Amino acid sequence: MLDVKGLIAPAEGTIWRIVETQEIAATRAITRSASEQSRLEELLELSKPRLPADCVGLSYLLATPFRYPPLDYGSRFGTTLERGIFYGAKELNTALAETAVYLWLFQSALHELGPLAAINDHRTALAITIASDRAVDFSSPELAAHHAAISQPGDWSYSQGLGRAMRELEVACFWYPSARLQGGVNAGVISPQAFAAKEPSEQQHWQLKLTPESCWFGRHRSGHEFYRKDFLQDNRLLHPMA
């Protein structure tokens, strides 16, 4: 296991995170007026877990991963017993590629695709500035011998050990090589104190078209397209829970 303590250093940068488009409130479709919608939103807010003290004042777009219990299966750097981590990517293209893979994993879990065989939807790309005196860069060329273990697509045991060590050492944020896109760099925020601002610095709206074979993101005249076959190993998408 890497000596995380010796890797801690100041760092700053911008990371991208892809989320479902937020601009259309789902509650508006089931309420008759703005006042009813406002009241329903208040009631929904009361039903949610209490906002952690270190997230007060943050946009919900930044605070959400820290607010809810850990995922049932954990995450690459977090177990089911640890608070959630805010994940993103250094490059927008990497963030979109990671999103495509998880959409295909969602499709592959269905017994029958039915109307979900072709998904036309929207996603929002958030740009978030982070800065901390306690950061770790696992993606550095000096750690190339460890990259494969850190980013195993089907095994999180090594990286979860690193996550535990980072929490013990109060590391606030970190970078690591993408498990899905060759040369891509992902990022994680353990402590909300690593956010340099309380809101994303930019929001981009992207169209999404997903089939079992491909995933396309389009915006204005630009686009990113990924093919499922390019992410397969042993003819399947590897994931610890797959």
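Under this note's numbering, think of the first position of the sequence shown as 354, with each following residue one higher.
Ideal placement from N, C-alpha and C gives every residue a C-beta, glycine not left out.
Note that the structure is a prediction, hence the values are computed from the model and not measured.
Buried versus exposed call for residue i [16 or more other C-beta atoms within 10 Å across all chains shown]
{"i": "residue 409", "result": "exposed"}
{"i": "residue 533", "result": "buried"}
{"i": "residue 588", "result": "exposed"}
{"i": "residue 581", "result": "buried"}
{"i": "residue 364", "result": "buried"}
{"i": "residue 416", "result": "buried"}
{"i": "residue 550", "result": "exposed"}
{"i": "residue 487", "result": "buried"}
Short Cβ contact (8 Å threshold) for residue i with residue j
{"i": "residue 527", "j": "residue 411", "result": "no"}
{"i": "residue 529", "j": "residue 567", "result": "no"}
{"i": "residue 563", "j": "residue 472", "result": "yes"}
{"i": "residue 559", "j": "residue 475", "result": "yes"}
{"i": "residue 593", "j": "residue 508", "result": "yes"}
{"i": "residue 585", "j": "residue 506", "result": "no"}
{"i": "residue 480", "j": "residue 555", "result": "yes"}
{"i": "residue 499", "j": "residue 404", "result": "no"}
{"i": "residue 501", "j": "residue 557", "result": "no"}
{"i": "residue 425", "j": "residue 546", "result": "no"}
Where residue i sits in the DSSP three-state scheme
{"i": "residue 544", "result": "coil"}
{"i": "residue 593", "result": "coil"}
{"i": "residue 506", "result": "coil"}
{"i": "residue 463", "result": "coil"}
{"i": "residue 452", "result": "helix"}
{"i": "residue 419", "result": "helix"}
{"i": "residue 441", "result": "strand"}
{"i": "residue 473", "result": "strand"}
{"i": "residue 388", "result": "helix"}
Option nearest residue i by Cα separation, candidates the options
{"i": "residue 516", "options": "546, 531, 585, 436", "result": "436"}
{"i": "residue 468", "options": "488, 574, 543, 565", "result": "565"}
{"i": "residue 430", "options": "419, 510, 416", "result": "510"}
{"i": "residue 514", "options": "434, 550, 458", "result": "434"}
{"i": "residue 544", "options": "485, 561, 470", "result": "485"}
{"i": "residue 573", "options": "584, 561, 579, 583", "result": "561"}
{"i": "residue 595", "options": "571, 535, 461", "result": "461"}
{"i": "residue 535", "options": "522, 579, 571", "result": "579"}
{"i": "residue 374", "options": "495, 414, 401, 392", "result": "414"}
Residues of its chain near residue i, where Cβ-Cβ distance is below 7 Å and the 5 sequence neighbours each way are ignored
{"i": "residue 489", "result": "357, 360, 361, 519, 524, 527"}
{"i": "residue 552", "result": "412"}
Residues near residue i in its chain [Cβ-Cβ closer than 8 Å; skip 5 each side]
{"i": "residue 538", "result": "442, 443, 444, 447, 492, 528, 529, 530, 531"}
{"i": "residue 497", "result": "none"}
{"i": "residue 463", "result": "469"}
Contacting residues, own chain, Cβ-Cβ under 6 Å from residue i (five flanking each side not counted)
{"i": "residue 541", "result": "430, 438, 440, 527"}
{"i": "residue 427", "result": "433"}
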